[in-house]
Amino acid sequence: MSDFRGVDFFQLDDLLSDEERAIRDSTREFVDRELIDNRRIEECHRHGEFPRDLALKMGEQGYLGPTIEGYGCLGLNQVTYGLIMQELERGDSGVRSFCSVQSSLCMYPIYTFGSDEQKQRWLPGMAKGELIGCFGLSEPDHGSDPSGMETKATPDGKGGWVLNGTKRWITNGSIADLAIVWAKTPDGIRGFIVPTKTPGFSAPLIEGKFSLRASVTSELIMEDCHVGPDALLPGTVVPEGLKSPLMCLTQARYGIVWGVVGSMMAVFDEALRYTQQRTQFDRPLAGFQLVQEKLVWMHTELTKAQLVSLRLGRLKDQGKCKPHHVSFGKRNNCWAAREVAKLGRELLGANGVCDEYQVMRHLMNIESVYTYEGTHDIHTLVLGQHLTGHAAFRG
Amino acid sequence: MRIVVCLKPVPDTAARIKVHKDGTRVDPEGVKFVLGPYDARTIAKAIELRGAAGGGNEVVAISAGAASGEAEAKKRIKDALALGADRGVFIADPTPENRDPLATAKALAAAIKGLDGFDLVFCGRQAVDDQALSVGPMLATLLGVPCVTDAVGMEVQGSTARVRRAAEGRTEVVEVQLPAVITGQRDLADEQYPKLKEILAAGKKPIADFKFDWPATPAYHVVSLSPPPEPIAGKIVGKGPEAVPELFKLLQSEAKVLTF
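Sequences listed follow chains R and A, in order. Counting from 507, one number per residue, gives the positions in the first sequence under this note's numbering. Counting from 188, one number per residue, gives the positions in the second sequence under this note's numbering.
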């Protein structure tokens with residue numbers, strides 16, 4: 507049984523079903539054994555490596571595409587999916603990112619927009635972790651505003667397409683077997699399943715990251731990349747612009763709302779233990795008022811973030827969750843996780859900058875999580891638009 | 188082969204335990220109950236010995252209503268089902284505060300006798316809460332079968348089990364004719380955790396209710412319960428070899444653990 511007992515100030519466990527709790531606990535044990543107890547995540551972070559074999563183990567456990575019905579997936583509810591993301595990110599945001607991208611940004615669009623043939627071809631292997639996906643939307647010059655994308659898909663006259671363009675900040679890119687690529691067609695933005703072995707497709711690694719070091723981040727370069735008619739996701743809607751990719755992002759952002767709760771729990775648990783065990787001026791650090799103030803602040807924000815996640819999850823399971831609800835969760839919880847990680851690092855003093863402890867890794871990871879899938883500011887504007895009816899991010 | 192695993196929900200060892208206001212038991216309020224670490228190993232061993240499910244062998248998880256209450260006991264049976272047990276049996280206990288190990292052993296024995304035969308019964312060597320270490324041996328007596336305690340490993344061939352058991356300062360290997368009761372140590376098997384589909388499948392496995400006529404009065408009862416004394420604060424007597432004489436002196440005079 508895991509030594510980590512979670513943080514549950516308001517007895518939220520009472521609001522979970524037996525099955526939800528059992529899956530949370532099992533995932534917690536998985537993370538302990540595969541990442542933390544063997545210090546594997548430290549090694550991966552230090553050397554900038556994704557633990558590739560973990561994809562198969564995650565598939566075996568049932569973590570990949572867990573909300574999908576059929577195709578080797580389990581059809582779990584959204585709260586359970588969130589709890590899995592929470593526990594994976596207690597291990598590491600990069601590992602959770604792998605799972606988010608595979609599940610929400612690749613399997614979800616194939617399941618939602620794909621043909622029966624596409625689902626049969628790709629989903630079972632992705633559920634097992636034998637096939638890895640990546641999601642190409644952001645471009646070097648188009649991050650927060652993807653509508654300006656330059657990647658183009660040109661009809662080849664025989665039903666196929668020729669793709670040209672560059673995508674950037676693509677999780678899993680260099681290890682992927684398939685890429686979900688969004689490109690402008692003469693009719694509007696459509697999604698394509700591009701096998702990464704297709705001539706004209708390459709995915710160089712982005713080197714030198716200080717964050718998400720246990721996760722692969724890449725560019726996708728398409729130069730006259732020719733794909734057949736079976737590459738187009740037929741359900742991607744035109745002329746509604748970005749609706750299809752934004753539907754994917756809403757799924758992934760939902761997972762982040764829960765994921766960063768896991769990061770906060772890891773950081774808070776470590777800071778609490780550390781300050782109780784370390785003595786200065788003949789007293790445990792935890793006995794000082796300034797230290798308690800930080801711990802209480804961290805704990806309060808963590809608890810509030812847990813409440814937001816669970817309510818959001820229940821709304822999503824009831825079909826009542828809107829994109830602005832997800833923006834609220836992503837904005838609040840990532841901000842809280844960033845602040846909690848900073849305070850946790852402070853509480854560990856000089857030890858907090860070494861990878862013997864996990865807090866600095868979480869702090870560095872959160873800088874990416876705060877930024878990707880819609881920055882804090884973009885989600886502020888989404889909420890501003892919801893409240894006022896004015897879209898401040900448009901000209 | 189039918190293998191029975193007896194389970195008891197126990198307070199999480201990380202929980203802060205309080206004495207109930209009646210002064211004779213642990214207050215279950217706010218305490219998280221879990222599968223005991225010894226029980227978790229016996230389940231793992233039972234699943235290993237059974238082999239693949241559906242092969243004619245089965246693992247039955249049995250729990251009597253304990254201080255945790257019926258809901259928690261059934262959850263722990265579900266834990267065992269998620270880990271691979273085939274079915275569960277629950278023995279409701281309306282007055283768990285009256286319980287003593289003999290009554291528990293009698294209830295388990297009655298439920299096991301109702302199973303249409305058994306080959307192996309596993310108990311954890313002890314429940315980590317009351318540490319009576321007595322249900323397993325008493326259960327064997329009531330079932331009229333041998334009991335091997337403190338197993339750290341075992342194999343079964345035909346109707347014989349070869350069991351390695353931890354004895355003081357040595358390991359014994361014993362052979363025992365089945366059926367038998369085995370109490371398991373931590374080393375009996377590695378603790379497992381379930382895959383998600385096994386957790387989902389556990390929800391569909393049957394848990395039968397077994398009615399037992401519990402004795403109205405316990406064979407023995409707890410008169411009082413008190414928490415352990417507060418640990419005495421540690422003392423740093425120095426660093427390195429130069430601290431040894433002072434440490435030696437204090438171990439003799441204060442801690443009194445050295446008597447020469």
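Note that beta-carbon positions come from the ideal geometry of N, C-alpha and C, so glycine has one too. Here the structure is a predicted model, which means the values were calculated and not measured.
- The DSSP-derived three-state label of residue 404 of chain A is coil.
- Cβ-Cβ separation between residue 646 of chain R and residue 602 of chain R: approximately 25 angstroms, too far for a contact (criterion under 8 angstroms).
- Residue range 334-344 is occupied by the beta strand (DSSP E) that includes residue 338 of chain A, with no alpha helix (DSSP H) assigned at that position.
- Collapsing the DSSP output to three states places residue 871 of chain R in a helix.
- Following the DSSP letters along the chain, one finds residue 362 of chain A inside the beta strand (DSSP E) bounded by residues 357-364.
- Using a C-beta cut-off of 8 angstroms, the segment 796-809 of chain R makes no contact with the segment 854-867 of chain R, since fewer than three inter-stretch Cβ pairs fall below that distance.
- For residue 667 of chain R, the beta-bridge partners assigned by DSSP are R:661, R:733.
- Interface flag for residue 378 of chain A against chain R is set, since a Cβ pair is found closer than 9 angstroms.
- Judged by beta-carbon spacing, residue 219 of chain A lies within the 9 angstroms limit of residue 202 of chain A, meaning their Cβ atoms are closer than that value.
- The beta carbon of residue 890 of chain R sits closer than 8 angstroms to those of 896, 898, all from its chain and outside the five residues before and after it, given in chain order.
- Sequence-distant Cβ neighbours of residue 266 of chain A in its own chain, meaning closer than 6 angstroms and more than five residues away, are 222.
- The Cβ-Cβ distance between residue 653 of chain R and residue 747 of chain R falls below 9 angstroms.
- Think of a sphere of 8 angstroms around the beta carbon of residue 265 of chain A: the chain R residues whose beta carbon falls inside it are 524, 528, in chain order.
- The residues 591, 606, 610, in chain order, have a CB closer than 6 angstroms to that of residue 761 of chain R in the same chain once the five nearest residues on each side in sequence are set aside.
- Residue 580 of chain R reaches chain A at 383, 384, 387, counting residues in chain order whose Cβ is nearer than 8 angstroms.
- In chain order, 279 place their CB closer than 7 angstroms to the CB of residue 257 of chain A, counting only its own chain and leaving out the 5 sequence neighbours on each side.
- With distances taken between CA atoms, residue 566 of chain R lies nearest to A:384 out of A:384, A:361, A:394, A:216.
- Straight-line spacing of the CA atoms in residue 240 of chain A and residue 744 of chain R works out to 50 angstroms.
- Shortest Cα-Cα distance from residue 852 of chain R to any of R:883, R:655, R:826, R:776 involves R:776.
- Residue state for residue 551 of chain R is assigned as helix, using DSSP reduced to three classes.
- Taking the beta carbon of residue 575 of chain R as reference, no residue of chain A falls within 8 angstroms; the closest one sits roughly 13 angstroms away.
- Using beta-carbon distances, residue 199 of chain A counts as an interface residue toward chain R, with a partner under 9 angstroms.
- For residue 221 of chain A, the chain R residues whose Cβ falls inside 8 angstroms of its Cβ are 507, in order along the chain.
- In the displayed model, residue 413 of chain A falls within coil according to three-state DSSP, outside both helix and strand.
- Within chain A, no residue has its beta carbon less than 8 angstroms from that of residue 608 of chain R; the closest one is some 15 angstroms off.
- Taking 9 angstroms as the cut-off between beta carbons, none of the residues of the segment 756-788 of chain R comes near chain A.
- Annotation: the continuous beta strand (DSSP E) that includes residue 352 of chain A extends over 347-354.
- For residue 579 of chain R, the three-state secondary structure derived from DSSP is strand.
- Excluding residues up to 5 positions away in sequence, 592, 595, 808, 811, 812, 815, 839, 843 lie with their Cβ nearer than 8 angstroms to the Cβ of residue 767 of chain R in the same chain.
- The C-alpha of residue 224 of chain A is placed about 10 angstroms away from the C-alpha of residue 200 of chain A.
- Look at residue 634 of chain R here: in three-state DSSP terms it is helix.
- Beta-bridge analysis with DSSP links residue 189 of chain A to A:245.
- For residue 568 of chain R, the nearest CB of chain A lies under 9 angstroms from its own CB, placing it at the interface with that chain.
- In chain order, 774, 777, 846, 849, 850 place their CB closer than 7 angstroms to the CB of residue 804 of chain R, counting only its own chain and leaving out the 5 sequence neighbours on each side.
- In this structure, the CA atom of residue 725 of chain R is about 14 angstroms from the CA atom of residue 688 of chain R.
- Ranking R:789, R:543, R:759 by CA distance to the CA of residue 822 of chain R puts R:759 first.
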